[in-house]
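Reviewing the structure listed below.
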Amino acid sequence: QKTFSLWIFGLLFISLSGAHGLSKFPENFVVAKRNDSSPVTLTCSTKTTGHITWKLDGEEIDVDSGDNFQQDSSILTVLEVDTPTLGEYSCWRGEEMLSSTYLLLEAEEEDALDSLLSCRAKSYDCVFSCSWTSSGYELVRLGLGQDCSEDEKSCHWISSSDLLSDGAFQFEVSHFLSPYTEESTMLVITAEAIADLSILRRTTRFYLRDIIEPDSPQIVRCQEMEQDLNVTIEPPSSWSTPHSFFSLEHQIEYELKDNGKTGLSSSALIPKRISKLRVRSRDQLVLSAWSQWTPWKNVTH
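Numbers -21 to -1, 1 to 280, taken from mature numbering (1 follows the signal peptide of the UniProt record, and there is no 0), label the letters of the sequence shown in order.
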């Protein structure tokens, strides 16, 4: 008896969870503002006339007996929005579903987008990556441009290209800025995230140069000179070309053989008596973020 009860409870839990979980962004949705007592109106998309019934998550709404819903022809008014009234509203004529829309609630999250989204460009080419680092969201999407920040239908939303093990969402964003002209246009990124039928919407703006962080460079060789060691470093393969135009500056960290102390050099010439070294790079013109260090390379001579 106990096992059967647990089994029934499990089925109910799964069914309730599934009812309120979304596997993708709904095509149509309306967002109710939090702490706002204003009613919300939903419109059935139909051009024909006739009796219409409304359903919430598949259950027919009895507008005559309830005091929270009012129907006027093809328009349904939700007088007071709370958790039980969130979900998928569909309008029907007989057995035919005419249209559907989700009623979502504005999220409580007050953090700025900068604390939720981290973007990085490894070059001035036409793609940069963003990571949504805030956990607890089922769905996240990004939009680039003014039409997305203004919630226009023309916005092209970008879905996550990868879900990382820590629950973060990874995105690849394409842009159309020319790398050869002085940057005067800011990139406008809008993010939408859904959790438990609540939706968070935030917009941030930045210049491409502000998110430049090259990949680690390549240590080609260490040439022994009379007094010093000459280190030849090449940009990473992902860096923009020509390298004469997109110049990088390098920094070398080395460890001395004699006492194990470390030193830094912005010159390719470093002390000869070292045991190992590593390098990193950044954009020389805009002084971008430094790349990650290369792995330590042992030096024998």
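Just so it is clear, CB atoms sit at the ideal spot from N, CA and C, and this is done for glycine as well.
Buried or exposed by the 16-neighbour rule on C-beta atoms within 10 Å, applied to residue i
i     : result
W136  : exposed
T28   : exposed
P274  : exposed
F(-9) : Its pLDDT being 35, under 50, F(-9) is placed unreliably in this model, and the value from its coordinates should be taken loosely. That one is exposed.
G122  : buried
S(-7) : At S(-7), the pLDDT of 36 sits below 50, so the modelled position is not reliable and the matter cannot be decided from this model.
V119  : buried
Y81   : buried
P221  : exposed
S267  : buried
C105  : exposed
L248  : exposed
H229  : buried
P63   : exposed
D262  : buried
Bounding residues of the beta strand (DSSP E) (the contiguous stretch that carries residue i)
i    : result
S153 : 148 to 153
C201 : 197 to 203
I137 : 136 to 138
D15  : Counting along the chain, D15 falls outside any beta strand (DSSP E), and DSSP gives it neither H nor E.
P250 : 248 to 250
D51  : 48 to 51
L243 : 241 to 244
Cross-strand partners of residue i (DSSP beta bridge)
i           : result
H229        : S260
A172        : V119, L179
T80         : Y68
L35         : E38, Y68
R20         : With the sequence shown as reference, residue 20 is identified as Thr, and Arg is not the correct amino acid for it. Note: T20 sits in a beta bridge opposite T56.
A100        : I191
W111        : L96, F148
residue 304 : Lying outside -21 to 280, the shown extent of the chain, residue 304 is not represented and no answer is given.
Residue i - containing alpha helix (DSSP H), residue span
i    : result
D207 : Counting along the chain, D207 falls outside any alpha helix (DSSP H), though it belongs to the beta strand (DSSP E) covering 207 to 213.
C127 : 125 to 128
From the options, residue whose alpha carbon lies closest to that of residue i
i    : options                : result
R200 : V9, S53, V278          : V278
C98  : G45, I40, F150, F8     : F150
Q125 : T169, H154, S219       : T169
K12  : S53, V42, Q50, V60     : V60
Y68  : F48, T182, E85, A86    : F48
S16  : E213, L58, M76, Y103   : L58
D237 : S254, E213, L227, L187 : S254
P18  : S223, T56, K3          : T56
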